[in-house]
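Numbering (our numbering), first residue to last: 5 to 103.
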């Protein structure tokens, strides 16, 4: 793949990505849609806010919110850079039970 780009403004910041970015707003819409379904095995909690005042969520996925004995946990860190898309795939595979 190759492309040409003209940097026409010296003071602007330019960014390029290998793939279409998975946006913060898209993630928040997806999590809100899960929350609206009132799934008995899903709990969403606000841990805090980022420097940009964005939600930092804790998702608990279990067969019972009260049951923590023998609880398996996985930390899924949503992408930190534009080319880190693999965690998005993990989140959707976990949701569909394919993991």
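Ideal Cβ placement from N, Cα and C applies to all residues, glycine included.
- Taking each of 5, 59 and 52 in turn and checking the Cα distance to residue 35, the smallest one comes out for 59.
- Secondary-structure assignment with DSSP links residue 47 through a beta bridge to 64.
- Across the structure, residue 31 and residue 18 are spaced so that their CA atoms are roughly 24 Å apart.
- In the three-state reduction of the DSSP assignment, residue 40 falls in the helix class.
- Comparing C-alpha distances from residue 22 to each of 6, 29 and 14 shows the shortest one belongs to 6.
- For residue 59, the pairing in a beta bridge is given by DSSP as 53.
- Apart from the 5 residues on each side of it in sequence, residue 13 has no Cβ closer than 8 Å to any other Cβ in its chain.
- In the displayed model, residue 34 falls within a helix according to three-state DSSP.
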